[in-house]
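Below is one structure, written out as structure tokens; comments come after it.
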Amino acid sequence: MNKFTIAGGIVGVALVTLFGLSFVSSPAAAGEYDQFAQCIADSGATFYGAFWCGACNTQKEMFGASDEHLPYVECSNPNRSLNATCAQANIGSFPTWEFPDGSRERGVMQMTELADRTGCTPATDTQLEAGSIPEEVEELSDEAQPAGTTSADVVGESNGTSSPGEEDQEVGDVPTSKDAATSS
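First residue of the sequence shown? That's 166 in the numbering used here, and the numbers climb one at a time after it.
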């Protein structure tokens, strides 16, 4: 083999690797939403979910590595039964968000919805450091809406349903830990 063939092969492998890696990137960069997620937690909101719930994992993935700052409460025991904490809180589906005023929303919530319900700014840490606020937040402010409407009127208040393609997970016939103990 000549050195041009070897060099061409190396360049080809490098390009294929870079192309492949471009499809593996996470939805949010590491720590990108730390301040937003922490603000949600500080607001008193609670995110109830289960490790086996696809919609819950989708909600977490929206925050990337910043999901560790979310006010997440695991509702499932290892055998997928509902744990005592969530049974006592009457959690019947996942994900369920509970807000300080006692209201609840079921299903995956968009960041703008979470911002509206918590008073937090859905900006990335980089945008906050640079002093810029995402355009969609400005568009959702009540001052920017047509006279006599609020952001909830324009966006549509969340009705407890899931986002398109995302079904919330019903607890339904998932046994509680008490049921699991009696069936052993």
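C-beta: ideal position from N, C-alpha, C; glycine also.
Since the model is a prediction, treat every value here as computed from it, not as a measurement.
Asn167 has its alpha-carbon roughly 59 Å from the corresponding atom of Gly272.
Comparing alpha-carbon positions, the option among Cys204, Ala220, Ala210, Gln203 lying closest to Phe264 turns out to be Ala210. When the alpha-carbon of Val238 is set against those of Asn244, Phe228, Ala249, Gly229, the nearest one is in Ala249.
Between Thr261 and Cys204 the beta-carbon gap is near 20 Å, outside 8 Å, which marks them as no contact. With contacts defined by Cβ atoms closer than 9 Å, Gly229 and Glu278 do not form a contacting pair.
Burial state of Gly267 is exposed, judged by a 10 Å Cβ sphere holding fewer than 16 other Cβ atoms. Residue pairing by DSSP places Thr261 opposite Tyr213, Arg271 in a beta bridge.
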